[in-house]
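A.B. asks: For the sequence shown, our numbering assigns the number 38 to the initial residue and increments by one for each residue that follows. All residues carry an ideal CB built from backbone N, CA and C; glycine is no exception. Remember, predicted model here, so these are calculated numbers, not experimental data. Before I ask anything, here is the structure I am working with.
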Amino acid sequence: MKQLLGVLALSATLAAPASAQILVGQTAGFSGPVAAGVKETTDGALLYIDSVNARGGVNGQPIELVSTDDKFEPKLAAENARKLITERKVVALFLVRGTPHTQAIAPLLAEFKVPLVAPSTGAKVLHSPVHPYIFNVRATYQREAERAVRHLSLIGMERIAVLQVDDSFGADAVAGATAGFTAVNKQPVLLEKFDRSKPDFKLIAPQVAKADAQAVLLIGSGSTVAEGTKAIREAGSRAQIVTLSNNAAGGFIKQMGEYAHGTIVSQVFPYERSIASPIVKEAAELAKAKNIDAISPAMMEGYAGAKVLVEALRRAGPNPTREKITAALNGLRNFDIGGMEVSYSPTDHTGLDFADLSIIGADGRFRR
């Protein structure tokens, strides 16, 4: 497979297993507009998977994460998923990135009865109605967007613009923003869509300036948000830029460049530098052992997802099957992943509902 990126499931100091006995599949945009965030999220997951394999794996079996690149294209994501399921015979899918991408894969999950753990998206449609094979490990974009609008209103922002990518992710997040506007009895001064594949802000940016927006909720992928911010600044607007947790990665800060400082980014996991949080302390210690300087929010998302995945594999027994893993997940109750509890049932696959806000400091790091 040309798109196979390689496993990376063991640390550099350990030899890779000759033939991993537990295959878990991933399709995500390792190239394209979300590549930086995808790499960080996957690196976070591998921090935990590496540590588990170093201790002998799950029930004596090592885990192999087979990661494939879908270039952030939903159609390719579905093609990759089918190959992982039918050719590689993975027992589960993991950390699929993107809302339309996960939606494209959903029919395959039902067809082959394959669980998907921790999709890297907060789409409400993946929470309600409950998909029997999708197990979320993070809050929804709607919750994030609503909180962002409420916060902006609370600090005195009266003129808030919303720019959204024209796909299911954008529509989902806007639903949350709309709830936020309703709660504070306001309307956006501007609501515009842009194309996901070929965003063009030449016409939109001047509208932001003309509307005299004090803040812009920019809903899109990392490189697109950076491009949009640049256009808004060049149009003469100094509006506060706000975006969602799909951009909570160190790579996004680099993409934003000179426009990063002061950007607000919503978060769905505890502050990545707070060792008072058990899950953060644990991840930071593993990162330090690998000579990784700092943990990013994106890494925390991958790390948390990996903890849930590994627990499901453990509870599924020595010979985990797709059916056993799904049953194990549905039976997960108050599972402590490090100061945060994850619970599922056949009628609730949300997992966590934590949401917070951060701002990018002058030092190029997220602050809370």
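Report yes or no: do three or more beta-carbon pairs, one from the region 242 to 257 and one from the region 59 to 69, lie closer than 8 Å?
C.D. replies: Contact fails: fewer than three Cβ-Cβ distances are below 8 Å.
A.B. asks: Enumerate, from N- to C-terminal direction, the unbroken alpha helix (DSSP H) stretches of 4 or more residues contained entirely within the region 200 to 234.
C.D. replies: You should have 205 to 220.
A.B. asks: Using 8 Å as the Cβ pair cut-off and three pairs as the minimum, do the region 295 to 306 and the region 327 to 343 touch?
C.D. replies: As far as the Cβ criterion goes, the region 295 to 306 touches the region 327 to 343, which means the pair count is three or higher.
A.B. asks: What are the residues that DSSP puts in a beta bridge with residue 197?
C.D. replies: Bridge partners of residue 197: 252.
A.B. asks: Under a Cβ-count criterion, where at least 16 other Cβ atoms within 10 Å of its own Cβ denotes burial, should residue 102 be classed as buried or exposed?
C.D. replies: Answer is buried; the Cβ neighbour count reaches 16.
A.B. asks: For residue 142 versus residue 176, is the C-beta distance shorter than 8 Å?
C.D. replies: Cβ distance not < 8 Å, so residue 142 and residue 176 don't count as in contact.
A.B. asks: Can you grab the Cα-Cα spacing for the pair residue 96 / residue 349, in whole Å?
C.D. replies: Rounded to the nearest angstrom, the two C-alpha atoms are 12 Å apart.
A.B. asks: With C-beta atoms as the reference, is residue 111 less than 8 Å away from residue 261?
C.D. replies: Taking 8 Å as the Cβ cut-off, residue 111 and residue 261 do not qualify as a contacting pair.
A.B. asks: Can you list, in chain order, the residues of its chain with a C-beta nearer than 6 Å to that of residue 179? Leave out the 5 residues immediately preceding and following it.
C.D. replies: Cβ neighbours of residue 179 beyond the five flanking positions: 161, 212 and 213.
A.B. asks: So, residue 127 versus residue 114, is the Cβ gap smaller than 8 Å?
C.D. replies: It is not a contact, given that the beta carbons lie outside the stated cut-off.
A.B. asks: Could you tell me whether the region 294 to 301 touches the region 70 to 89, where touching means 3 or more Cβ pairs closer than 8 Å?
C.D. replies: No, they do not touch.
A.B. asks: Report the start-end ranges of each beta strand (DSSP E) in the region 70 to 133 that is 3 residues or longer and not cut off at the edges.
C.D. replies: Listed in chain order, they are 100 to 106 and 129 to 131.
A.B. asks: Grab the span of the alpha helix (DSSP H) containing residue 170 for me, first residue to last.
C.D. replies: No alpha helix (DSSP H) holds residue 170; DSSP gives it neither H nor E.
A.B. asks: Mark residue 100 as exposed unless 16 or more other C-beta atoms lie within 10 angstroms of its C-beta, in which case mark it buried.
C.D. replies: Buried, since its Cβ has 16 or more Cβ neighbours within 10 Å.
A.B. asks: Taking buried to mean at least 16 other C-beta atoms within 10 Å of its own C-beta, is residue 135 buried or exposed?
C.D. replies: The residue is buried, with at least 16 neighbouring Cβ atoms inside 10 Å.
A.B. asks: Thinking C-alpha only, which one of 383, 357 and 402 is nearest residue 98?
C.D. replies: Nearest C-alpha to residue 98: 357.
A.B. asks: Among residues of its own chain, excluding the 5 on either side of residue 138, which ones have a beta-carbon nearer than 6 Å to its beta-carbon?
C.D. replies: So the list reads 111 and 114, once near-sequence residues are dropped.
A.B. asks: Return the bridge partner residues of residue 64 from the DSSP annotation.
C.D. replies: DSSP lists 105 as partners of residue 64.
A.B. asks: Which two residues bound the contiguous alpha helix (DSSP H) that contains residue 295?
C.D. replies: Counting along the chain, residue 295 falls outside any alpha helix (DSSP H), and DSSP gives it neither H nor E.
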